[in-house]
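Notes follow the structure.
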Amino acid sequence: MLDIKFIKTDNPKPIPGPENPLVFGTIFTDHMFVMDYTEGKGWHDPRIEPYAPISLEPSAMVFHYGQEMFEGLKAYKTDDGRILMFRPDKNIERANNSNRRLMIPEIQAEDFLQAMKELVRAEQAWIPAKEGTSLYIRPFVIATDPFLGVRPSYTYKFMIILSPVGAYYPEGLDPVKIWIEDEYVRAVRGGIGEAKTGGNYAASLAAQMKAHEEGYSQVLWLDGVERKYIEEVGAMNIFFKIDGTVVTPQLNGSILPGVTRRTCVELCKSWGIPVEERKVSVEELEKAARTGALEEVWGSGTAAVISPVGHLRYEDEVFQIGDGGIGELSQRLYDTVTGIQLGRVEDTFGWTVEVK
Ligand code: COI
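Read in our numbering, the sequence shown has 124 at position 126, and its numbers run on one by one without any break.
Given below as structure tokens:
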């Protein structure tokens, strides 16, 4: 159990009211959690302090070699005033998998959860109540040694910041247009694709900008070797409903193991819908789209929740999915996932954790 010191801000910011549109990731709460790591001493000095710029040496290793990991999860306020987090154990497990891959010291799961709960409790007034909003929790670790040689850092900072958010995409639940990328790749097996780390997102930017210029919201990545099999979208995992079966790319080492991805798989199975986690080739998709077997496509992610896809573009072809609107299963998943998160649908899976 951490002994978290609380240094309260004497300059609180105004909390956005329900009239505020809450553009994703733009507003931050009054406090943040910080804990330091020093080799030989371990993680130490856990504290909640005023949200403020931090001071690092320009030579801090994170700036040069990208040794860092991050996570994303959300807290919600229920109609009866309780605060719920959704499957935080899965984010903590993934954070430590990322840490191991990046040679960052692990954080005890109980300490990680305690830090998030205490910060969310302290900032509960910031949890927005309007439909489609939540308090986004962004834990991250950065390497802080002032050193230009390449090796794992001996010192780190673990921080958690909070941001009241609305929909990740400006489209909200309206279907997005996705560009299947055939020039750049995001990750390869054996690389860092399954870790949640900044480098994967930096690698995605050139293709994302190209897609944006063509009027597409996001890029759907193909595998880095054969450029034949579907991987993920970067900000979300991807699902297809083909002839009544839900299909999603199997976790192969280069795909991020999404918590919402897992939730979709578990929910669909519980509803008796066949689910296949397997390789999905772009040819299979093209064929299914042409014959009308491709009934629905959606992305899943913490920030994106369930995001229906209305159009897919591959090379020079554009496929409309169904009537280009929200599919029935996508809507059911969205309603169920957000219903459980908001305490409106019974949580028979035990996925929510109350912050008391
Ligand atoms: C999340 O869904 O929480 C993520 O971390 C994706 C990020 C691109 C916003």
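Every residue, glycine too, gets a C-beta built ideally from N, C-alpha and C.
A quick note: this is a predicted structure, and the numbers were derived from the prediction, not measured.
Taking each of GLU352, GLY348, GLY322 and SER305 in turn and checking the Cα distance to GLY130, the smallest one comes out for SER305. In the three-state reduction of the DSSP assignment, MET101 falls in the coil class, being assigned neither a helical nor a strand state. When C-alpha distances from PHE26 are compared across ILE338, SER132, TYR154 and GLU212, the shortest belongs to SER132. The region 160 to 236 contains, as complete alpha helix (DSSP H) runs of 4+ residues, the segments 196 to 200 and 203 to 211 (chain order).
Minimum Cα-Cα distance from GLU293 among the listed residues SER252, GLY337, LEU249 and PHE237 corresponds to PHE237. Annotation for ASP28: THR7, PRO10, LYS11, PRO48, TYR49 and GLU121 place their beta carbon closer than 7 Å to its own, counting only its chain and skipping 5 residues before and after. In this chain, the alpha helix (DSSP H) harbouring TYR332 covers 326 to 339.
Excluding the 5 residues flanking it on each side, ALA205 has same chain C-beta neighbours closer than 6 Å at GLU179, TYR182 and VAL217, in chain order.
Every residue whose beta carbon comes nearer than 5 Å to a heavy atom of the ligand COI appears here in chain order: GLY70, ALA233, GLY299, THR300 and ALA301.
Secondary structure of GLU69 (DSSP, three-state): coil. For LEU283, the uninterrupted alpha helix (DSSP H) segment begins and ends at 280 to 289. Per DSSP, ARG276 is one residue of the beta strand (DSSP E) stretching across 273 to 276.
In this structure, VAL148 lies near TYR63, with their beta-carbon atoms less than 8 Å apart.
Taking a contact as a CB-CB distance under 8 Å, the pair LEU100 and THR195 counts as one, their CB atoms being some 6 Å apart. Around the C-beta of THR336, 16 or more other C-beta atoms lie within 10 Å, and the residue is accordingly described as buried. Between GLY170 and ASP333, the alpha-carbon positions lie close to 14 Å from each other. Under the 8 Å Cβ criterion, the region 223 to 239 counts as touching the region 270 to 278, having at least three qualifying pairs. Short of 6 Å from the beta carbon of LYS208, and not among the five residues preceding or following it, lies no beta carbon of its own chain. By the 16-neighbour rule on beta-carbons within 10 angstroms, GLY299 is buried.
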